[in-house]
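Novice: Residue numbers (the numbering used here): 24 to 577.
What follows is a single structure, and I will ask about it in a moment.
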């Protein structure tokens, strides 16, 4: 399977298209818009969770792994979606949330009722001798990572929301039950699996306090532990490894290159590829997400370079992305969507998609959707955002500063409804949307983008380039002038050819001196968003300009 040829489109079903008028997107809505997705030229659609859920964390708190939440439709709708997508040459990738379940899941409810078999499905621990919590760990969503287990003297672990109880993977019965879930969906014809927070499943059952609650040191106590690789190999053998056409990707929070290689090198028989997130923490102040410094461009380049070079040199494989349902819109984050909307979006797309790996496009980026810039906390619904609104208040931050941070970092930035046209609620719903539509929907929408916009057409061309050129699919990677203050440049090399990719991340024009090895070859511009047409010893890139050149001898 040629992973380098594939392009994946992420659909957040709740915000994609509402076919019923209840204000929430659904599976029938995805079916209705399949032609639009197919026109982009993608191979798979990754769907965020649509399983039954109390929606404390927008569906990542699952109460039944093998059913469809009625909000999204029925199993018949899902089966029709698979069939209709296949007619258009598209496969489905499903989200597998196997680190934790909702506390409303049957397993947790049986545990609460006193069933010892199901109590061993979770991490239940007594308080310490002094009455304090089992450990001092912090939840990634804020507050302690332990919560009282019913009316018992025990506590259950929740690395995420208090409604998401971590599963005890050390119990073979848990692993077998989860493998049955995977096989259930594979039998339905699913061809892709995205594993949520997979590298934190390997908690040491002999829980130890961290030296500094909430720190990176604490994360290392439960992240990328050796047993995770053992369990993924077991999962591979018991489920998707029995097929030869399944694409798998693991969300690997806080991982490193060495583990990334092990997770994704085909010889390890674990996963096809991984998501790593270090490059999306370059606008964190001292590692703190809820802050608002300018992004560190040199760090962004160096992190991408480290992962590209490390994975390329050791047969690992990267998922390429700047956007997803947990991240602010990258054009609002790294560019200028007011003065250079087309240049910003196409530059970022080119910079990331021409790297070595498999590109992921998040719904709306192909038309230039932006962060909504909500003015009131009442417009936000994300649990992490609302928790940190309180935490920042407790730290004494003024409301104006808190709102500025939230406008930049909230996960709701990417979850606003898809902007289909200029009608009320952007054509997303005939009812009241579950999350407020961004105010710019009358100028930024699919109808206008396909009729007169340039961003959508650019994405089509960029995706087609990957299909047409083996050098983009398979070429090696080498960074160029990593210390340049404005330009991200790199080369790909394959069978004697070079691909040169240059990207100006700023509004100020900037020069780049090219190595002589590029100048004695014939060059062809494959794509770009600005005036640069020819390679010379010194090239000038305009505001947010990007250009891709194919070079060969003769």
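Using N, Cα and C, we set each Cβ at its ideal position, and we do this for glycine too.
Just so it is clear, the structure is predicted and the values come from calculations on it, not from any experiment.
What do you get for residue 216, buried or exposed, if any count of 16 or more other CB atoms within 10 angstroms of its CB means buried?
Specialist: Per the 10 Å Cβ criterion, buried.
Novice: Nearest to residue 282 by alpha carbon, out of 136, 419, 293 and 247?
Specialist: Comparing Cα positions, the closest option is 247.
Novice: To which residues does DSSP link residue 545 through a beta bridge?
Specialist: Paired residue(s): 575.
Novice: With DSSP run on the structure shown, which of helix, strand or coil describes residue 9?
Specialist: Since the first residue shown for the chain is 24 and the last is 577, residue 9 is missing from the structure and cannot be characterised.
Novice: Here's the rule: buried if 16 or more other CB atoms are within 10 angstroms of the residue's CB, otherwise exposed. What is residue 351?
Specialist: Classification for residue 351: buried.
Novice: For residue 354 versus residue 343, is the C-beta spacing smaller than 8 Å?
Specialist: No, they are not a contact pair.
Novice: Could you spell out where the beta strand (DSSP E) holding residue 335 opens and where it closes?
Specialist: Element bounds for residue 335: not the beta strand (DSSP E) but the alpha helix (DSSP H), 320 to 336.
Novice: Helix, strand or coil for residue 492, going by three-state DSSP, please let me know.
Specialist: Residue state, collapsed to three classes: coil.
Novice: Which of helix, strand or coil does DSSP assign to residue 441?
Specialist: Residue 441: coil per DSSP, three-state reduction.
Novice: Mind checking residue 243: buried by the 16 CB within 10 Å criterion, or exposed?
Specialist: Residue 243 should be labelled exposed.
Novice: Using 8 Å as the threshold, is the stretch 404 to 412 in touch with the stretch 427 to 436, meaning 3 or more CB pairs across them?
Specialist: Judged by Cβ distances under 8 Å, the stretch 404 to 412 makes contact with the stretch 427 to 436, as three or more pairs qualify.
Novice: Count the CB pairs spanning the stretch 481 to 495 and the stretch 458 to 473 that are closer than 8 Å, and state whether there are at least three.
Specialist: Result no; under three Cβ-Cβ pairs closer than 8 Å.
Novice: Which complete beta strand (DSSP E) runs does the stretch 45 to 108 hold, if anything under 3 residues is left out?
Specialist: Listed in chain order, the complete beta strand (DSSP E) runs (minimum 3 residues) inside the stretch 45 to 108 are 67 to 70.
Novice: Closer than 6 Å by C-beta to residue 565: which residues in its own chain qualify, once you throw out the five before and the five after it? Chain order, please.
Specialist: Cβ within range, chain order: 532 and 553.
Novice: How would you write the range of the beta strand (DSSP E) that residue 281 sits in, first residue to last?
Specialist: No beta strand (DSSP E) contains residue 281, which is instead part of the alpha helix (DSSP H) from 280 to 287.
Novice: Taking residue 116 as the reference, give the member of 182, 271 and 56 with the closest Cα.
Specialist: If we check each option's Cα against that of residue 116, 271 comes out closest.
Novice: Please identify the residue among 256, 227 and 146 whose C-alpha is closest to the C-alpha of residue 126.
Specialist: Nearest of 256, 227 and 146 to residue 126, Cα basis: 146.
Novice: Along the alpha helix (DSSP H) that carries residue 412, what are the first and last residues, could you check?
Specialist: Residues 406 to 417.
Novice: Do residue 124 and residue 85 come within 8 Å of each other at the CB atom, strictly closer than that value?
Specialist: Contact flag set, yes.
Novice: Whose CA, out of 34, 419 and 58, lies closest to the CA of residue 73?
Specialist: Nearest of 34, 419 and 58 to residue 73, Cα basis: 34.
Novice: Hey, is the stretch 41 to 53 in contact with the stretch 489 to 502, meaning 3+ C-beta pairs nearer than 8 Å?
Specialist: No, because fewer than three Cβ pairs between the stretch 41 to 53 and the stretch 489 to 502 fall closer than 8 Å, the two stretches do not touch.
Novice: Taking its Cβ as the centre, do 16 or more other Cβ atoms sit within 10 Å of residue 518, making it buried, or is it exposed?
Specialist: Exposed, by the Cβ-count rule.
Novice: What do you get for residue 273, buried or exposed, if any count of 16 or more other CB atoms within 10 angstroms of its CB means buried?
Specialist: With 16 or more Cβ atoms within 10 Å of its Cβ, residue 273 is classed as buried.
Novice: For residue 154, which residues of its own chain have a beta-carbon under 7 Å away from its beta-carbon, when the five flanking residues on both sides are left out?
Specialist: Excluding sequence neighbours, residue 154 sits near nothing in its chain.
Novice: Which residues does DSSP pair with residue 300 in a beta bridge?
Specialist: According to DSSP, which records beta bridges pairwise, residue 300 is partnered with nothing at all.
Novice: Relative to the C-alpha of residue 460, which candidate in 414, 491 and 397 has its C-alpha closest?
Specialist: Looking at the Cα atoms, 397 is the closest of the given residues.
Novice: Return helix, strand or coil for residue 201, following the three-state DSSP convention.
Specialist: In this structure, residue 201 counts as helix in the three-state DSSP scheme.
Novice: Have a look at residue 262 and residue 288 and give me their C-alpha separation to the nearest angstrom.
Specialist: Computed Cα separation, rounded: 18 Å.
Novice: Can you say whether residue 507 is buried or exposed, counting buried as having 16 or more other CB atoms within 10 angstroms of its CB?
Specialist: Classification for residue 507: buried.
Novice: Counting pairs of beta carbons, one from the stretch 384 to 393 and one from the stretch 519 to 530, are three or more of them closer than 8 Å?
Specialist: Contact between the stretch 384 to 393 and the stretch 519 to 530 is absent, because fewer than three Cβ pairs lie under 8 Å.
Novice: Are the CB atoms of residue 177 and residue 144 within a distance shorter than 8 Å?
Specialist: No; because the gap between Cβ atoms is not below 8 Å, this pair is not in contact.
Novice: Pairs of beta-carbons, one from the stretch 157 to 171 and one from the stretch 198 to 214, closer than 8 Å: are there three or more?
Specialist: They do not touch, by the three-pair rule.
Novice: Roughly how many angstroms lie between the CA atoms of residue 290 and residue 193, to the nearest whole one?
Specialist: Cα to Cα, residue 290 sits roughly 25 Å from residue 193.
Novice: For residue 195 and residue 285, what's the separation of their Cα atoms in angstroms?
Specialist: Approximately 23 Å between the Cα atoms of the pair.
Novice: Since residue 526 sits in a beta bridge, which residues does DSSP pair it with?
Specialist: Answer by DSSP bridge pairing, in chain order: 511 and 569.
Novice: Tell me where the beta strand (DSSP E) around residue 472 begins and ends.
Specialist: Taken as a continuous stretch (DSSP letters only), residue 472 belongs to no beta strand (DSSP E), being part of the alpha helix (DSSP H) at 469 to 474.
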